[in-house]
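Position 292 of the sequence shown, counted from 1, bears residue number 292 in UniProt numbering, the numbering being contiguous throughout. The beta-carbon is built from N, C-alpha and C at its ideal position, and this holds for glycine as well. Take a look at the structure below.
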Amino acid sequence: MQEDFGFQELVKNETDQLPLLESASGYTAGLKTDVENHGKAFGEFDTALKAASSVPSAAEVSNLDRQRDDSCTKLYTFVRGVSGHPDKEKAKVGAEAVAVFKKYGGGSIVDQPQNQESGTLRNLIQDFRAMDVSKLTQTGIKDFVDDLEQKQTAYLAAVKKRAKEERSELTGVIKQKRKACDEAYLKLIETVNALVVVNGDVPYRGFVESVTSHINHQKSTLANRQTNADKKPKDPKQPKQPKQPKEPKPQKPGKDDGKPDIHLPEEEEPKKPGGDSGAGKKPDGGGGAGGGAGTGGAGDSSNPDIHLPEEG
Numbered sequence: 001m002q003e004d005f006g007f008q009e010l011v012k013n014e015t016d017q018l019p020l021l022e023s024a025s026g027y028t029a030g031l032k033t034d035v036e037n038h039g040k041a042f043g044e045f046d047t048a049l050k051a052a053s054s055v056p057s058a059a060e061v062s063n064l065d066r067q068r069d070d071s072c073t074k075l076y077t078f079v080r081g082v083s084g085h086p087d088k089e090k091a092k093v094g095a096e097a098v099a100v101f102k103k104y105g106g107g108s109i110v111d112q113p114q115n116q117e118s119g120t121l122r123n124l125i126q127d128f129r130a131m132d133v134s135k136l137t138q139t140g141i142k143d144f145v146d147d148l149e150q151k152q153t154a155y156l157a158a159v160k161k162r163a164k165e166e167r168s169e170l171t172g173v174i175k176q177k178r179k180a181c182d183e184a185y186l187k188l189i190e191t192v193n194a195l196v197v198v199n200g201d202v203p204y205r206g207f208v209e210s211v212t213s214h215i216n217h218q219k220s221t222l223a224n225r226q227t228n229a230d231k232k233p234k235d236p237k238q239p240k241q242p243k244q245p246k247e248p249k250p251q252k253p254g255k256d257d258g259k260p261d262i263h264l265p266e267e268e269e270p271k272k273p274g275g276d277s278g279a280g281k282k283p284d285g286g287g288g289a290g291g292g293a294g295t296g297g298a299g300d301s302s303n304p305d306i307h308l309p310e311e312g
């Protein structure tokens with residue numbers, strides 16, 4: 001949910017590259033209306049998400065997330081220290097532990113979106129549990145792993161509680177606003193693609209290239225997240241594209257006609273760009289400013305949150 005919100009915000013911020021003044025080449029009243037409608041729908045989506053921060057457990061989730069971040073950082077710092085231990089056997093165990101961390105991003109794990117971090121920490125803890133427990137105990141690493149697992153368990157329990165509260169209070173409203181924003185996005189992209197065919201790409205090139213870059217980045221993020229998941233998450237539903245008006249259709253964008261186009265995912269993408277409060281981290285399904293918390297449907301799971309609306 002939060003990642004979809006983040007993606008829509010990126011798109012909104014790119015609309016200043018479109019010709020929205022009557023004197024600008026490529027301007028149409030319809031394009032301006034579509035940009036305004038998307039901006040309005042995004043604002044309502046934002047307002048609905050911010051309301052989620054008022055559920056009682058939202059603050060608890062944020063606090064427990066900070067605690068597990070702190071525990072993860074301490075574990076990483078400790079194993080790095082052990083890797084330099086004067087006892088060669090202990091240093092070897094420390095080096096193995098550092099390698100486990102680096103496989104998942106090292107110290108940057110705590111900067112991942114919350115849902116992604118939950119999956120990463122689950123895999124990280126499992127890898128540590130697969131190591132020789134006696135060696136982990138002798139080096140002192142086990143105590144830090146135990147602490148991280150406790151913090152992770154407490155966080156996930158709080159997320160589950162928050163999701164239940166959000167489902168009962170806010171899910172319907174947020175889903176409605178999200179759907180409206182997705183549909184406004186689809187209409188805007190449909191209009192831009194049609195105008196590229198009719199007027200050429202020059203007036204719209206900046207917007208097209210920027211949005212395409214954002215889409216590719218999100219697809220890459222989702223692909224990496226799925227690789228780390230225990231199993232492939234269930235694909236979420238995609239918003240339906242508005243019906244085409246009954247009038248002569250321009251050449252369908254996306255054809256190999258030499259003109260750039262906004263290439264949306266051809267297959268259904270999992271649902272996200274996500275982070276919560278805290279520097280360097282995107283909000284996901286839970287509390288925080290600038291978009292607030294997500295809905296109960298977002299929750300904390302290995303399922304990616306963003307879905308990129310498809311081109312018709």
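CB-CB length for residue i against residue j, believed under 8 Å
i, j, result
"Gln-2", "Tyr-185", "Contact doesn't hold; Cβ gap of about 16 Å is too wide."
"Lys-164", "Ala-48", "Going by Cβ atoms, the distance from Lys-164 to Ala-48 rounds to 18 Å, so no, they are not a contact pair."
"Ser-71", "Asp-4", "Between Asp-4 and Ser-71 the Cβ distance is about 30 Å, and since that is not below 8 Å, they are no contact."
"Leu-124", "Tyr-155", "Their Cβ separation, rounded to whole angstroms, is 14 Å, which puts Leu-124 and Tyr-155 out of contact at 8 Å."
"Val-161", "Ser-57", "First, the residue type needs correcting, since residue 161 is Lys and not Val in the sequence shown. Confirmed, Cβ separation roughly 5 Å."
Beta-carbon proximity list for residue i, same chain, < 7 Å, skipping 5 on both sides
i, result
"Val-35", "Thr-15, Leu-18, Leu-20 and Leu-188"
"Phe-144", "Lys-74, Leu-75 and Phe-78"
"Gln-116", "Arg-225"
"Lys-255", "Confidence in Lys-255 is poor, its pLDDT being 48 and thus under 50, which makes the residue's placement unreliable; the coordinate value appears in the next sentence. The answer is none, since no qualifying residue turns up."
"Gly-39", "Lys-12"
"Lys-142", "Val-133 and Leu-136"
"Gly-206", "Gln-17"
"Lys-252", "Low per-residue confidence applies at Lys-252: pLDDT is 44, beneath 50, and the placement is therefore not dependable enough to give any value."
"Ser-213", "none"
"Asn-199", "Gly-26"
"His-85", "Ala-91 and Gly-94"
"Glu-149", "Ile-125"
The ligand SAM heavy atom lying under 7 Å from the CB of residue i
i, result
"Val-133", "The ligand SAM is not part of the structure shown, which contains no ligands of any sort."
Helix, strand or coil at residue i according to DSSP, with G and I counted as helix
i, result
"Leu-186", "helix"
"Gln-116", "helix"
"Asp-132", "coil"
"Leu-121", "helix"
"residue 313", "Residue coverage of the chain in this structure runs from 1 to 312, which leaves residue 313 outside it and unanswerable."
"Gly-105", "coil"
"Asp-256", "With a pLDDT of 49 at Asp-256, under the threshold of 50, the predicted position of this residue should be treated as unreliable, and no value is reported."
"Gly-172", "helix"
"Gly-140", "coil"
"Met-1", "coil"
CB contact flag (residue i, residue j, <8 Å)
i, j, result
"Leu-222", "Thr-28", "no"
"Ala-158", "Leu-64", "yes"
"Val-11", "Val-211", "yes"
"His-68", "Gln-152", "Residue 68 is actually Arg in this sequence, not His. Contact: yes."
"Tyr-23", "Pro-203", "The sequence given here places Ser at residue 23; Tyr does not occur at that position. Cβ atoms of Ser-23 and Pro-203: not closer than 8 Å."
"Val-98", "Arg-80", "yes"
"Gln-138", "Lys-90", "yes"
"Leu-112", "Thr-120", "Note that residue 112 corresponds to Gln in the displayed sequence, not to Leu. Yes, the Cβ-Cβ distance between Gln-112 and Thr-120 is below 8 Å."
"Val-208", "Val-192", "yes"
Same chain, Cβ closer than 6 Å to residue i, neighbours up to 5 away in sequence not counted
i, result
"Ala-95", "Ser-83"
"Gly-107", "Tyr-76"
"Val-93", "Lys-135 and Thr-139"
Sequence-distant residues of the same chain with beta carbon closer than 8 Å to residue i, five excluded per side
i, result
"Asp-127", "Val-100 and Lys-103"
"Ala-180", "Ala-41, Glu-44 and Phe-45"
"Gly-140", "Phe-78 and Val-82"
Contiguous alpha helix (DSSP H) assignments of at least 4 residues, all confined to the segment 194-231
Fully enclosed alpha helix (DSSP H) runs of 4 or longer: 205-228.
4-residue-minimum alpha helix (DSSP H) runs that sit fully inside the segment 14-94, ordered along the chain:
Those alpha helix (DSSP H) runs which fall completely within the segment 14-94 and span 4+ residues are 29-51 and 58-82.
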